[in-house]
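See below for the structure under consideration.
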Amino acid sequence: MPGLPVIKPAYALTPPNIAMLAEQALLQEIWLTPKPGLVDADNNGAHRDMDLPLFLASIAAIAPWFAQFFCAGQQAAALPAGQALAQLRPMGLACEQAMFTATAGVNTHKGGIFSLGLLCFAAGRLTQRSLPLSRKRLCDEVAALCAGMVRRELQHSRRQATVGERLFQRYGLTGARGETESGFATIRRHVLPYWHQQQDPTRQLLNALLRLMAVNADTNLVARGGLSGLRYVQQSARQLLINDWQISDLSAMNDALVARNLSPGGSADLLAVSMVLAALPA
């Protein structure tokens, strides 16, 4: 496994290059090893249709779009949040199509495109208003952009076309929509306050991933293993955090998740978002 590139604090850049941070975060996330149930440098986790080269091809295809999301945010800076979000959607779908073209139809980064694309778009709006980027300001802007999204797209939706829609109707899980509408509350409450507890960069990221797995209502897990699968992963992650985990513990957890066909993909997406936010001033 190559050495992980460390994302430098964005306040050392003028202005913060949020698009570059988003791309770096995706690269760090995929190379991070070992990640229980997830594709990494050692194995494919619980995935039969994904591997490391496929993820790298996906990142190469979607990374150029992050700068476009940022520019679109600048151009939409004067619009009310709801109108601005409507302008972002066609770009998001085009970025997804670029991903599917690169992966022959495999969904590698749909969640990452959604969350990181919103971060870049929000950053463009703030920058155009001459507002310095900070974690709080950026999260507040994402929350404003996504206000009412769960109600509009899940509560009032009569269709169940997507996995997210079906899981909301069955279990009330709001998934990525709920996380962005909250301004990434899970990350702000359970990850960022503990970001610097670990000094080693790799252990820092793995610890953040475990913290996410311990609390995140990950719809990827529920889609694969129901609520019992979600509870199993949450309890396993909590136990490792309590017991001061070692790398061997993560490898053993990977074996257990693979045997149960469980992959915490939603937490992997939030880990990438966490890296971007951690690189900004608080």
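In our numbering, the protein residues as written are 1271 to 1552.
In this text, a Cβ means the ideal position worked out from N, Cα and C, and glycines have one as well.
- In this structure, the alpha-carbon of LEU1482 lies about 10 Å from that of LEU1476.
- Counting of Cβ neighbours within 10 angstroms places THR1303 among the buried residues, the total reaching 16 or more.
- Under the three-state reduction of DSSP output, SER1452 falls in the coil class, being neither helix nor strand.
- Pairing LEU1443 with THR1489 gives a Cβ-Cβ distance under 7 Å.
- Its chain contains ALA1289, CYS1390 as the residues whose beta carbon lies nearer than 8 Å to that of ALA1337, once the 5 sequence neighbours on both sides are disregarded; these appear in chain order.
- Counting of Cβ neighbours within 10 angstroms places LEU1408 among the buried residues, the total reaching 16 or more.
- In terms of Cα proximity to GLU1366, the closest of ALA1507, ASP1519, TRP1335, ALA1351 is TRP1335.
- Judged by DSSP secondary structure, LEU1349 falls outside any alpha helix (DSSP H); it is assigned neither H nor E.
- When DSSP states are grouped into helix, strand and coil, ALA1292 belongs to the helix group.
- The three-state secondary structure of THR1378, taken from DSSP, is coil.
- GLY1382 is positioned such that its CB atom lies no closer than 7 Å to that of LEU1527.
- In this structure, the beta-carbon distance from SER1533 to GLY1315 falls below 7 Å.
- Here LEU1462 really is in contact with ARG1405; their C-beta atoms are around 7 Å apart, less than 8 Å.
- Distance between ARG1530 and SER1498, taken at the CA atoms: about 11 Å.
- With contact defined as three or more Cβ pairs closer than 8 Å, the stretch 1506-1523 and the stretch 1450-1457 are not in contact.
- Taking a C-beta distance under 7 Å as the contact criterion, GLY1445 and GLY1434 qualify as a contact pair.
- The residue among GLY1535, VAL1492, LEU1547, GLY1343 with its C-alpha nearest the C-alpha of ASP1310 is GLY1535.
- The C-beta distance from GLY1418 to GLN1344 rounds to 24 Å, too long to fall under 8 Å, and the pair is not in contact.
- Looking only at ASP1410, ALA1413, GLU1451, the smallest Cα-Cα distance to LEU1424 is reached by GLU1451.
- The residues ARG1407, in chain order, have a CB closer than 7 Å to that of LEU1401 in the same chain once the five nearest residues on each side in sequence are set aside.
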